[in-house]
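Trainee: Numbering (our numbering), first residue to last: 579 to 827.
Just so you know, even glycine gets a beta-carbon here, dropped at the ideal spot from N, CA and C.
In this text, all values refer to a predicted model and were calculated from it rather than measured experimentally.
(1) Residue 780: buried (16+ other C-beta within 10 angstroms of its C-beta) or exposed?
(2) In the structure shown, what three-state DSSP assignment does residue 679 receive?
(3) Report all residues from its chain with a CB closer than 8 Å to the CB of residue 813; omit the five preceding and five following residues, and keep chain order.
(4) Using beta-carbon positions only, say whether residue 680 and residue 699 come within less than 9 Å of one another.
(5) I'd like the ranges of any beta strand (DSSP E) spanning at least 3 consecutive residues and lying wholly in the region 702-773.
(6) Once DSSP output is grouped into helix, strand and coil, what is the label at residue 688?
(7) Measure from the alpha carbon of residue 777 to the alpha carbon of each residue in 616, 602 and 582, then state which is nearest.
(8) Could you tell me whether the region 627-644 touches the region 727-745, using the rule of 3 or more Cβ pairs below 8 Å?
(9) Looking at residue 682: is its Cβ nearer than 9 Å to the Cβ of residue 717?
(10) Count the other CB atoms, across all protein chains shown, that sit within 10 Å of the CB of residue 809; report buried if there are 16 or more and exposed otherwise.
(11) Give the DSSP-derived three-state secondary structure of residue 593 in the structure shown.
(12) Please state whether the Cβ-Cβ distance between residue 762 and residue 588 is less than 9 Å.
(13) Is it true that the region 623-641 meets the region 765-775, where meeting means three or more beta-carbon pairs spaced less than 8 Å apart?
(14) Which residue wins for smallest C-alpha separation from residue 831, given the options 610, 751, 811 and 753?
(15) Which residue marks the beginning of the beta strand (DSSP E) containing residue 662, and which one marks its end?
(16) Here's the rule I'm using: 16 or more other beta-carbon atoms within 10 Å means buried, otherwise exposed. How should residue 601 be labelled?
(17) Residue range of the alpha helix (DSSP H) that residue 611 falls in?
What follows is the structure in structure tokens.
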């Protein structure tokens with residue numbers, strides 16, 4: 579599920595969950611477990627042409643409101659864990675990073691993207707969804723106010739080149755291997771004074787976690803209501819049908 583590689587003092591966590599690294603309860607649990615404790619400087623990356631395609635719609639399709647609420651809570655724990663690791667965590671965004679996959683990368687300390695025909699962004703508004711509180715607060719904390727409004731309300735997906743000036747990526751490499759090399763270099767540099775890094779990072783992300791505590795009940799409730807709304811339900815069913823057709827031999 580997660581393959582670990584070590585590169586000159588940097589731990590590389592390769593997400594290899596299949597299904598385009600779509601986020602499900604088991605995937606969330608695996609990433610949370612991999613990020614426990616005081617690890618070395620680390621890089622999170624995907625496989626093939628996908629970093630993460632967002633939520634696993636096929637697995638989540640049969641969930642009722644109670645099950646979906648439990649998943650949103652676990653999803654929030656995942657994103658908070660990524661956001662608050664006491665060690666440097668850099669995303670090597672090797673390909674597509676959509677919706678939940680985009681915010682997974684945004685929760686990391688820095689993001690190195692890969693040039694190519696990939697899509698990055700938050701498309702929830704385009705499919706009739708609001709955003710959970712943890713997603714809203716990470717985007718609001720990591721992007722400028724103008725770019726946060728554009729990314730959240732526009733519901734657009736960007737190419738890597740377009741994502742760079744918006745703030746969804748910090749750097750762009752020519753290919754996935756170069757992105758991984760550069761992400762390792764950044765993580766290694768951030769980890770030179772790890773105790774000091776941890777202290778300063780805690781201060782920087784504190785406003786995000788504090789706002790999450792204030793907004794999570796209302797925003798998470800609104801997200802679940804939108805998830806079961808008419809527009810999102812119809813579009814999700816259409817997406818699940820397309821995914822199942824692709825999976826058939």
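Mentor: According to the data block:
(1) Residue 780 should be labelled exposed.
(2) If DSSP states are grouped into helix, strand and coil, residue 679 belongs with the helices.
(3) Correct list, in chain order: 705 and 706.
(4) For residue 680 and residue 699, yes; Cβs fall inside 9 Å.
(5) Those beta strand (DSSP E) runs which fall completely within the region 702-773 and span 3+ residues are 749-751.
(6) Residue 688: strand per DSSP, three-state reduction.
(7) Closest option to residue 777, Cα to Cα, is 616.
(8) No, because fewer than three Cβ pairs between the region 627-644 and the region 727-745 fall closer than 8 Å, the two stretches do not touch.
(9) Taking 9 Å as the Cβ cut-off, residue 682 and residue 717 do not qualify as a contacting pair.
(10) Exposed is the call here.
(11) Residue state, collapsed to three classes: strand.
(12) With contacts defined as CB atoms closer than 9 Å, residue 762 and residue 588 qualify as a contacting pair.
(13) Segments in contact, no.
(14) In the structure as shown, the chain begins at 579 and stops at 827. Residue 831 is therefore absent and cannot be evaluated.
(15) No beta strand (DSSP E) holds residue 662; the alpha helix (DSSP H) holding it covers 643-662.
(16) Within a 10 Å sphere around the beta-carbon of residue 601 sit 16 or more other beta-carbons, which makes this residue buried.
(17) Judged by DSSP secondary structure, residue 611 falls within the alpha helix (DSSP H) whose first and last residues are 603-612.
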